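These notes are about the structure you will find just below.
Numbering (this note's numbering), first residue to last: 925 to 1246.
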């Protein structure tokens, strides 16, 4: 199989989630909540001979590619077609509680280059962007069906697009003549909608618009808090949960969620003395998001925006008081 995607922060994931002390033949169970082509899972399987894994992905095409890639590990890997939030919420009773959970929130290079679903504005592909083709609404449905104010709010909220109102107005004007059908149609519309000075920056002017639509179509920011809650609840005591983010919106959610789990006191900040008797549920293993090295970003440019955050679960009753 031709591997399209290079997994980011691979060595850092192994270092923080499967350190040397846990690799010496100990039986471990990994859940890769965003399996993709299986690059991270393959590395864990090779590093830890006693490790078994469950691979979860919402995209049936990616799941099939991962099964092919990981065929040599038959008997050690189980595959599940599901969204991560739904998988962890209804965690299969036949599986052990995971010692390691990893969720890489990025979109695979395969989706941009080979999926044919309009994730990249460089191609004249159908404007779809659904990771799971069974989702009811595509990017074209949103672009052609939402009101101008709804589009503007969506672009600003999910893409942090400063020109959101200009772009939304241009979309509505253009679709009156003909509906948007391809990614290229939308990219060209955004190009002409933004000020001339914004057309020749480091990134294509449609980048934030495409990000916003992809997030909306797949409900990524709605799912993320549910993933974090449910994944942590099924994690084994002393288990480790790692999340790789790629933009500030999702990184902020993960950072705040992990910090809250690591807090002992839940009293209001205005209270001078702790009265809740709370104990921390987790320990932060990465005080700040771990970034890719210069060597990795040079070899794999998409890794430059990646951040890895990891926590370790503290068993109930062992957390430290304030």
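The beta carbon of each residue, even a glycine, is placed where N, CA and C say it ideally should be. In this text the structure is predicted, and so the values were computed from the model without any measurement.
When C-beta atoms of the segment 1166–1179 are compared with those of the segment 1017–1032, three or more pairs fall below 8 Å, so the two segments count as touching. Sequence-distant partners of residue 1148 (beyond 5 residues in either direction) whose C-beta falls short of 7 Å from its own C-beta, in its chain, are 1174, 1177.
One thing to note: residue 959 has its Cβ no nearer than 9 Å to the Cβ of residue 1067. Beta-bridge partners assigned by DSSP to residue 1233: 1167.
Listed in chain order, the non-local C-beta contacts of residue 1239 below 6 Å within the same chain comprise 1161, local neighbours out to five positions each way being set aside. Out of 972, 965, 943, the CA that lies nearest to the CA of residue 979 is found in 965.
Following the DSSP letters along the chain, one finds residue 964 inside the alpha helix (DSSP H) bounded by residues 963–971. The residue from 984, 1002, 1228, 943 with its alpha-carbon nearest to that of residue 955 is 1002.
Between residue 1075 and residue 1092, the C-beta spacing is below 9 Å. Within the same chain, Cβ atoms closer than 8 Å to the Cβ of residue 950 are found at 972, 974, the five residues on either side in sequence being excluded.
Distance from residue 1021 to residue 1159 at the Cβ level is roughly 7 Å; contact confirmed, criterion being Cβ atoms closer than 8 Å. Across the structure, residue 1205 and residue 942 are spaced so that their CA atoms are roughly 20 Å apart. Comparing alpha carbon positions, the residue from 1106, 1088, 1154, 1156 closest to residue 1129 is 1088.
The alpha-carbon separation between residue 1242 and residue 1194 amounts to approximately 27 Å. Per DSSP, reduced to three states, the secondary structure at residue 1215 is strand. Here DSSP, grouped into helix, strand and coil, assigns residue 1206 to strand. A direct Cα-to-Cα measurement between residue 1222 and residue 1107 gives close to 28 Å.
9 Å or more divides the Cβ of residue 968 from the Cβ of residue 1157. A residue is called buried once 16 or more other Cβ atoms fall within 10 Å of its Cβ, and residue 963 is buried on that count. As a beta-bridge residue in DSSP terms, residue 978 pairs with 955, 1002. The beta carbon of residue 957 is closer than 8 Å to those of 980, 1008, 1011, 1012, 1025, 1026, 1027, 1151, 1155 in its chain, skipping five residues each way along the sequence.
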